[in-house]
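To start, the structure under review is shown below, and the notes come after it.
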Amino acid sequence: MADSTKYITQEELKKHNKHGDLWISIQGKIYNVSDWAKDHPGGEHPLLNLAGQDVTEAFIAYHPRSAWQYMDQFFTGFHLKDHSFTEVSKDYRKLVNEFTKMGLFEKKGHGILTGNCLAGISIAWWKWNHNAHHLACNSLEFDPDLQHMPFFVVSSKFFDSLTSHFYGRKLSFDSITRSLVSYQHWTFYPVMCLARLNLFAQSFALLLSKRKFIIEVKRFLVTGIQHVQFCLNHFSANVYVGLPSSYDWFEKQTKGTLNILCPSWMDWFHGGLQFQIEHHLFPRLPKSQLRKISPFVYELCKKHNLPYNCASFGKLM
1165 MADSTKYITQ EELKKHNKHG DLWISIQGKI YNVSDWAKDH PGGEHPLLNL AGQDVTEAFI
1225 AYHPRSAWQY MDQFFTGFHL KDHSFTEVSK DYRKLVNEFT KMGLFEKKGH GILTGNCLAG
1285 ISIAWWKWNH NAHHLACNSL EFDPDLQHMP FFVVSSKFFD SLTSHFYGRK LSFDSITRSL
1345 VSYQHWTFYP VMCLARLNLF AQSFALLLSK RKFIIEVKRF LVTGIQHVQF CLNHFSANVY
1405 VGLPSSYDWF EKQTKGTLNI LCPSWMDWFH GGLQFQIEHH LFPRLPKSQL RKISPFVYEL
1465 CKKHNLPYNC ASFGKLM
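Last residue of the sequence shown: number 1481 in the numbering used here, and the count goes up by one each step with no gaps.
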């Protein structure tokens, strides 16, 4: 009996990569999420960043197993021709399954108080910004965490006035930016001390209220130093220009991140972000589990000759 399965090629899939025409492949099955993209819980940007590609690893990294049951409604009836997985992708999936069996993805609920009530920022902003960062890790045009003009730039490629696909505008390298960037080696740390203001822009009015102004300023200055770490994890890694690619997921994440070496008793200071490689590979994993899985990730990188870059906080500074 002849095979009745309908196939499309990689080139045909790539054509469906824009607003209103957004197709993706997961495990070789083609899904049309054009109309649903605006309702995607993780925001529309992650889907647009990887549109027209196979996104299997990204889907596995960001979704629990329960999400698979909702996919049939988007299935086009097509399969991806000559679809295959690399050995590192297969090993990555084995790790996901192993960590699931170990219960490492189970959350304890601590973040309800410490994350949302005591130190939380806008959840809507976080999904919009951070999911785009993860899926376009270190892409100068697609990753918002690298787009900090006019205060500083992380690559000379910004001198050509790149277009931000996240903000939907051109990042002009004008005279003001040129002047500020010329002194970024002096202004970087002062700017980082105030970086928290950017995350809490919606709360800026609070600083002008009747609450003690100086107390709020001290709080922002003290916690602001943590933003230096956000920069160290990615500014010191490889960056690139162009559309982010989902192939190969594991390789892309290891090349775009690095870890900060520290003893376990300093984990409280880094808040889990010292294991940036593990965080990007397993974004749903609670930060308390990142140190536990790091040996597994290291061995997998070693097996496939992929970078597992680490450096001390002092050296990166």
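Ideal Cβ placement from N, Cα and C applies to all residues, glycine included.
Here the structure is a predicted model, which is why all the values come from computation and not from measurement.
Does DSSP put residue 1182 in a helix, a strand or coil? strand
Look at residue 1445 and residue 1255 and say whether their C-beta atoms are less than 9 Å apart. No. Outside cutoff.
Beta-carbon contacts of residue 1173 that lie in its chain and below 7 Å, excluding the five residues immediately before and after: Result list for residue 1173: 1245, in chain order.
Is the separation between the beta-carbon of residue 1353 and that of residue 1298 shorter than 9 Å? no
Grouping DSSP H, G and I as helix and E and B as strand, with all else coil, what is residue 1331? Residue 1331: coil per DSSP, three-state reduction.
Can you tell me whether residue 1302 is buried or exposed? The criterion is at least 16 other CB atoms within 10 Å of its CB, across all chains shown. Classification of residue 1302: buried, given that the 10 Å Cβ count is 16 or more.
If you follow the alpha helix (DSSP H) that residue 1223 is in, where does it begin and where does it stop? 1220-1226
Compare the Cα-Cα distances from residue 1222 to each of 1415, 1196, 1266 and report the closest residue. 1415
Straight-line Cα distance separating residue 1479 from residue 1344: 25 Å
Could you give the C-beta distance for residue 1200 and residue 1238, rounded to a whole number, given that I count them as a contact under 8 Å? 7 Å
For the beta strand (DSSP E) that contains residue 1358, what are its first and last residues? Looking at the DSSP string, residue 1358 is not in any beta strand (DSSP E), and its letter there is neither H nor E.
Report the partner residues of residue 1244 according to the DSSP bridge assignment. Bridge partners of residue 1244: 1172.
Within 10 angstroms of the Cβ of residue 1375, are there 16 or more other Cβ atoms? Answer buried if so, exposed if not. Because the pLDDT of residue 1375 is 49, which lies under 50, any placement of that residue in the model is unreliable, and the number read from its coordinates should be weighed accordingly. Around the C-beta of residue 1375, fewer than 16 other C-beta atoms lie within 10 Å, and the residue is accordingly described as exposed.
Can you tell me whether residue 1239 is helix, strand or coil according to DSSP? Strand at residue 1239.
Helix, strand or coil for residue 1368? Go by DSSP, reduced to three states. At residue 1368 the pLDDT is 47, less than 50, meaning the model places this residue with poor confidence; the figure from the coordinates comes in the next sentence. Helix, per DSSP.
Take residue 1467 as the anchor and find which of 1423, 1432, 1323, 1253 has the nearest alpha-carbon. For the residues 1423, 1432, 1323, 1253, the minimum Cα distance to residue 1467 belongs to 1253.
Compare the Cα-Cα distances from residue 1331 to each of 1306, 1349, 1314 and report the closest residue. 1306
Measuring straight from C-alpha to C-alpha, what distance separates residue 1420 and residue 1181? 23 Å
For residue 1271, which of helix, strand or coil comes out of DSSP? coil
By DSSP, does residue 1296 sit in helix, in strand, or in coil? helix
For residue 1454 and residue 1349, the rounded distance between their alpha carbons: In a straight line, the C-alpha of residue 1349 is about 32 Å away from that of residue 1454.
Local conformation of residue 1474 per DSSP, three classes: strand
In chain order, what residues of the same chain lie with their CB nearer than 8 Å to the CB of residue 1433, ignoring the 5 residues before and after it? Contacts found: 1426.
For the candidate residues 1228, 1241, 1233, 1251, whose alpha-carbon lies nearest to that of residue 1188? Taking only the C-alpha atoms, the option nearest residue 1188 is 1241.
Residue 1337 vs residue 1322 beta-carbon contact at 9 Å: yes
What span of residues does the beta strand (DSSP E) with residue 1423 cover, start to end? 1423-1425
Excluding sequence positions up to five away, which residues of its chain have a Cβ less than 7 Å from the Cβ of residue 1259? 1460, 1464
Taking the alpha-carbon positions, what's the residue 1472 to residue 1441 distance? Taking the CA atoms as reference points, residue 1472 sits about 8 Å from residue 1441.
Select from 1251, 1195, 1230 the residue whose C-alpha is nearest the C-alpha of residue 1469. 1251
Of the listed residues 1195, 1263, 1211, nearest to residue 1234 (C-alpha basis): Distance from the Cα of residue 1234 is smallest, within the candidate group 1195, 1263, 1211, for 1195.
Do you know offhand how far residue 1448's Cα is from residue 1186's? Taking the straight line from one Cα to the other gives about 25 Å.
Return the chain-ordered list of same chain residues with a C-beta closer than 8 Å to the C-beta of residue 1424, the five sequence neighbours on each side being excluded. 1393, 1396, 1397, 1434, 1437, 1438, 1440, 1474, 1475, 1476, 1477, 1480
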